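K.L.:
Starting off with a structure, shown below.
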Amino acid sequence: MAGSVNKVILVGNLGRDPETRRLSSGDPVVNLRIATSESWKDKASGERKEKTEWHSVVIYNDNLAKVAEQYLRKGSKVYIEGQLQTRKWTDQSGAEKYTTEVVLQRFRGEMTILDGRGGGGGDFAGEDEGGGQISRGGDRGGDRGGDRGGRD
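The numbering of the sequence shown is the UniProt record's numbering, which starts it at 1 and goes up by one.
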């Protein structure tokens with residue numbers, strides 16, 4: 001194989017409000033915790049089973065970060081497309097730890113809000129200068145394409 005692909009797609013719900021911090025450059029970084037669930041019927045007992053996985057998502061894309069800060073809240077349903085990355089860090093006791101995250105890079109990544117949480121109610125879609133796709137799901141009328149990701 002000539003190349004490789006590192007692409008993660010998640011559709012799930014936020015487990016808490018987005019957490020925003022700023023890099024020394026002033027650029028925002030938004031952290032999300034997204035739950036995805038699967039359910040099935042247990043063949044032996046016949047009862048319904050469910051398993052939930054929690055995913056850490058980090059947004060470095062300025063415009064996607066602005067949208068996440070403004071519109072996403074705990075419980076929001078969202079589509080995320082990014083890359084899987086593992087980073088090494090040291091905890092307070094000096095032990096090395098590893099964390100795997102879905103990362104939406106500065107010039108990559110997609111995010112679509114799949115429900116009407118956070119107000120607004122209209123659809124919006126557009127590409128920011130950094131190549132990240134921003135869109136608001138659902139057909140609720142409103143201005144199509146009017147908001148191009150918060151360009152200032």
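Where a beta carbon is used, it is the ideal one built from N, C-alpha and C, also for glycine. Note that the structure is predicted; figures quoted are calculated from it, not measured.
(1) Since I believe E101 is in contact with Q85 (beta carbons under 8 Å), could you give me their beta-carbon distance rounded to a whole number of angstroms?
(2) Taking only the alpha-carbon atoms, compute the straight-line gap between K88 and N61 and give it to the nearest angstrom.
(3) Using a Cβ-Cβ cutoff of less than 7 Å, which residues in the same chain neighbour G119 once the five nearest sequence positions on both sides are dropped?
(4) Give the range of the alpha helix (DSSP H) segment to which N63 is assigned.
(5) Closer than 8 Å is the cut-off here; do at least three beta carbon pairs connect the segment 39-49 with the segment 13-24?
(6) Report the option in L114, P28, L10 and E110 whose CA atom is closest to the CA atom of H55.
(7) Does DSSP put G26 in a helix, in a strand, or in coil?
(8) So, using beta-carbon positions, are E110 and E81 closer together than 9 Å?
(9) In the DSSP assignment, find the unbroken beta strand (DSSP E) run with N13 in it and report its ends.
(10) Thinking C-alpha only, which one of F107, I113 and V57 is nearest V30?
(11) If I'm right that T36 touches E53 with Cβ under 8 Å, what's the distance once you round it to whole angstroms?
(12) Quick one, are the C-beta atoms of K74 and P28 less than 9 Å apart?
P.N.:
Let's see:
(1) Against the sequence shown, residue 85 aligns to sequence position 85. Against the sequence shown, residue 101 aligns to sequence position 101. Yes, Q85 and E101 are in contact; Cβ-Cβ is about 6 Å, under 8 Å.
(2) Counting from one through the sequence shown, the residue named residue 88 turns up at place 88. Counting from one through the sequence shown, the residue named residue 61 turns up at place 61. Cα-Cα distance, rounded: 22 Å.
(3) If you number the sequence shown from 1, residue 119 lands on position 119. Low confidence applies here, because G119 scores a pLDDT of 43, under 50, leaving its location unreliable and the question unanswered by this model.
(4) Here residue 63 corresponds to residue number 63 of the sequence shown, with the count starting at 1. Unbroken alpha helix (DSSP H) run through N63: D62 to Y71.
(5) no
(6) Along the sequence shown, one-based indexing puts residue 55 at 55. Considering only alpha carbons, the answer is L10.
(7) Position 26 of the sequence shown, counted from the first residue, corresponds to residue 26. The answer is coil: DSSP assigns G26 none of H, G, I, E or B.
(8) Counting from one through the sequence shown, the residue named residue 110 turns up at place 110. Counting from one through the sequence shown, the residue named residue 81 turns up at place 81. Against a cut-off of 9 Å, the Cβ pair of E81 and E110 comes out as a contact.
(9) Here residue 13 is taken as the residue at index 13 of the sequence shown, counted from 1. Element bounds for N13: V8 to L14.
(10) On the sequence shown, position 30 is the one that residue 30 refers to. Per the Cα distances, V57.
(11) Mapped onto the sequence shown, residue 36 falls at position 36. Mapped onto the sequence shown, residue 53 falls at position 53. Confirmed, about 5 Å.
(12) For the purposes of this step, residue 74 is taken as the residue at position 74 of the sequence shown. For the purposes of this step, residue 28 is taken as the residue at position 28 of the sequence shown. No, the pair does not count as a contact, with Cβ atoms beyond the cut-off.
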